[in-house]
Every structure is written in C-alpha cells, then in structure tokens.
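K.L.:
Quick note, the sequence shown lines up with residues 798 to 1135 if you use my numbering. This is the structure, below, for whatever I ask next.
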Amino acid sequence: MTISTKSLGLVAALTLLGAAAQAETLRFATTLPEADNPETHAMKAFEQYVEFHSGGDIDVQLLHGGVGGDRELLENVRNNIFQMTATTDGALASFYPKVQVFSVPYLFSSANAAITFMNNSPVMDAFVEDLEATVGLRIIGFAADGFRNFVNNKGPIKSPEDVSGLKLRSMESPVMIALMNSLGAAPTPIPFPESAMAIRQGVVDGGENPPSTIINGGWAEVIKHMSMDEHIFSAVFAYANPKFLDGLDEKNRKAVLDGTQLYAAIMIAGKGQGYLADTQKIRDMGVEVYVNTPEEKAAFAEVAQGPVLEFLSGELGAEYVDGFVAAVAESEAALYAQ
C-alpha cells in the first residue's frame, strides 16, 4: 500500500503531539522576579539542561514571582502543585525548626566551607533524610545566598564592643535577636520595606544584611559604615517533591538531579561574584567598608556563639546542636588541612 506524503506528514504530526502529551510537567517556582540575576540565570540553565537531556520527556515551566511567599512555595512543592523550588535556609524554619542551627553566628568561615559541608557531611545526609521523613520535602541541591554583614551610622564595627549600644533593625527571628543581644545591641524588629526610612530617620542606627540586599533595599544610600564580619551564612536549598522525582524513569530522574547541580554551580558562582561586585558598589556609593580579620571574627564568635547556642539547645536539644557544630568544625578542618 502506498502512503502519500500528506499522510506521512499527518502521522509525524500526530506522533509529535503524542510525545508532547506524554511529557511530564516540572514547575520550578521562585518568589523572585525574572531578572538579570544568578537565580534567573541558574533556573534557565536548569530548564535547558533538563529538557535537552530528557529528550523532551520533561517540560520545565519556570514560575517567577507572584506565586506566593517562600512558605507557600514549600507547601505547594510538598503537595506536588509545584515540583521544585529553591529558598534560603531560613524559609524552612516554620516547617522544620532544626534548620535554625544554620544561624549559629560565625559557624562557617567561608562559602567554600559551607558548600563542602552541606554536600559531603554525614550529618547533612541525616538532615536531608529526616527532613523528607518528617516534612515530605526532598533537598536535591545546595547553593548559597551569601554572608550577612553589619551596617550602621556610628562607626566601623571591628570588635564586639563596637556593636554594644547600637540600635539595630532586626528580622523577627529569635536567633537573630539572641545574636544582637549577645553583642549588647538593641534589636528592633522593623518590616524590611520600612527599614531604609527607619535608618534615614535615626529610628535605628543600622542593621545587617548581605551586600545585594543592602543595595536593593536602599540601605547603601542611608548608611555610612559596613563591616564585613560575615556573621551568618545564608544557604540555599533546592527542593523537589519526592513522589514526582521517584516517579520519573532513570534517565529523566538523572536529568533533573544533574540539572540541579548545574543550577547550584551557577548560583554559587554568580552569588560569589556578585558579593564582591556589590561590596565594591557600596564602597563606590560613599560607604566606608571595613573588612574584618579572622582574629576579629574569632573575637565576635567568642562573645556571640554561647548565648545563641544556649537558645538553640533549649529549642532543638543540646545533643543535636553540639553535634552539628562539631561536624562543621570537623569538615572545615579536613577541607583546609595541610
């Protein structure tokens, strides 16, 4: 039987439609708008990688902003409404309080130390397993948002004594409030959109944030001093719905997992470069930027860690908190061993 060219074209079209109909939809959602930033670049690279390496079996849909806050995104991934998201570690606290241990001040000496620990430590393997068992979310990648630093209008912060007496804008976070109290500051919770005006008007003397947020929030225009004490490292976790991921065949699951590692690598590189570029931009705006030495950071840690560890031990249990902190120290010692 002779098949016409027209019929062959129809068959091909129907085949393509059938393949498209069978494609799995992976919705990767974020609270951030689509923009020229590491998050957007990393998500687009993930989309391209997964769609290519799945041979079109997975249709990745990137959802930027307007889809709820971090809590809503995590809830939607848990319910498989969205299949993936990525948030900073603090967003997980309402679901999984144990994540607060990442807020121990001066826990990590570098982004490299933090990333190495998250990817290689048996303690983090247990963390990921327990999170999935208790919350229903699976972490499949680790990235970074950067270190938080103090800013103020009184003077450079070189020692704990320089923080004492300062009135600092704080997140409504018990851990952050405990940190500021330990240094003798007066923590003042103020919604972020109102914080720049509060600093300008002298309601508070300053606050703390990563360099990118200091710029984007308008703080760089109203502060005189930034001290790079790097008191808290802000990690980023990439989450997937376990049922969705386990329902993929081996090829497609590998594409998603490998694509997530590409996402993480781009995020880490972009955030690292941006941290330096944003710091220079803040300096160019007339802010005095002081880079704290390792010895100065150790002096801060000696004062601030004890009260925060005591608070967290009361919340999470001393055995868990002490074990986590010890594992970080062991990982860092191995990373920088001669």
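Cβ atoms here follow ideal geometry from the backbone N, Cα and C, with glycine treated the same way. Every value quoted in this text rests on a predicted model; they were computed, and no experiment measured them.
Below 8 Å on the Cβ atoms is my guess for H838 versus I1063; work out the distance and round it to an integer in Å.
P.N.:
6 Å
K.L.:
Name the DSSP bridge partner or partners of S967?
P.N.:
P986
K.L.:
Any Cβ of chain B within less than 7 Å of the Cβ of S992?
P.N.:
As a matter of chain content, chain B is missing from the structure shown, which is built from one protein chain.
K.L.:
Give me whichever residues DSSP pairs with I936 in a beta bridge.
P.N.:
Per DSSP, the beta-bridge partners of I936 are Y1036.
K.L.:
Sort K1040, G1069, G1114 and D1002 by Cα distance to K951 and report the nearest one.
P.N.:
Among K1040, G1069, G1114 and D1002, the Cα nearest to that of K951 belongs to D1002.
K.L.:
As an exercise, report each continuous beta strand (DSSP E) stretch of at least 3 residues that is fully enclosed by the segment 1050-1081, in chain order.
P.N.:
Listed in chain order, there is nothing to give.
K.L.:
Just to check my reading of the structure: A1123 and A1035 have Cβ atoms closer than 8 Å, yes? What is that Cβ distance to the nearest angstrom?
P.N.:
Not quite, the Cβ-Cβ distance comes to about 26 Å (not below 8 Å), so this is no contact.
K.L.:
Across the segment 988-1005 and the segment 912-926, are there enough close Cβ pairs to call them in contact, namely three or more that are closer than 8 Å?
P.N.:
no
K.L.:
Tell me, which residues are paired with F944 by DSSP?
P.N.:
F1030
K.L.:
In chain order, which alpha helix (DSSP H) runs of at least 4 residues are fully inside the segment 883-934?
P.N.:
The DSSP assignment places complete alpha helix (DSSP H) segments of no fewer than 4 residues inside the segment 883-934 at 908-917 and 919-932, in order along the chain.
K.L.:
So Y1133 is in the beta strand (DSSP E); what residue range does that whole segment cover?
P.N.:
Premise fails: Y1133 is in no beta strand (DSSP E) and is neither H nor E.
K.L.:
What are the residues that DSSP puts in a beta bridge with M1025?
P.N.:
V1088
K.L.:
Under DSSP, the beta strand (DSSP E) around V857 begins and ends at which residues?
P.N.:
I855 to H861
K.L.:
So which of L823, A975, I937 and Q897 has the shortest CA-CA distance to V857?
P.N.:
L823
K.L.:
Give the straight-line distance between the Cα atoms of F1030 and V898, rounded to the nearest whole angstrom.
P.N.:
11 Å
K.L.:
If you check the beta carbons only, do V948 and M1023 fall under 7 Å apart?
P.N.:
yes
K.L.:
My output table needs one value for N1006: the three-state DSSP class, helix, strand or coil.
P.N.:
Residue state, collapsed to three classes: strand.
K.L.:
CB-CB under 6 Å to G815, same chain, minus the five flanking residues each way: which ones, in chain order?
P.N.:
Because G815 sits at a pLDDT of 47, beneath the cut-off of 50, its placement in the model cannot be relied upon, and the following sentence gives the value as read from the coordinates. Counting only Cβ-Cβ distances below 6 Å, and skipping sequence neighbours, we find nothing.
K.L.:
For Q1058, which residues from the same chain have a beta carbon less than 8 Å from its beta carbon, with the 5 sequence-adjacent residues on both sides left out?
P.N.:
Once the five neighbours on either side are set aside, the close Cβ partners of Q1058 are G938.
K.L.:
Is N834 helix, strand or coil when you go by DSSP?
P.N.:
coil
K.L.:
Among the residues of its own chain, which have a CB less than 7 Å from the CB of I800, if the five just before and after it don't count?
P.N.:
In this prediction, I800 scores a pLDDT of 41, lower than 50, which makes its location untrustworthy; no coordinate-derived value is stated.
K.L.:
Out of curiosity, what's the CA-to-CA distance linking S956 and E1085?
P.N.:
16 Å
K.L.:
Is L1045 helix, strand or coil when you go by DSSP?
P.N.:
Coil at L1045, not helix or strand.
K.L.:
So if DSSP puts F825 in a beta bridge, which residue, or which two residues, is it bridged to?
P.N.:
L859 and M881
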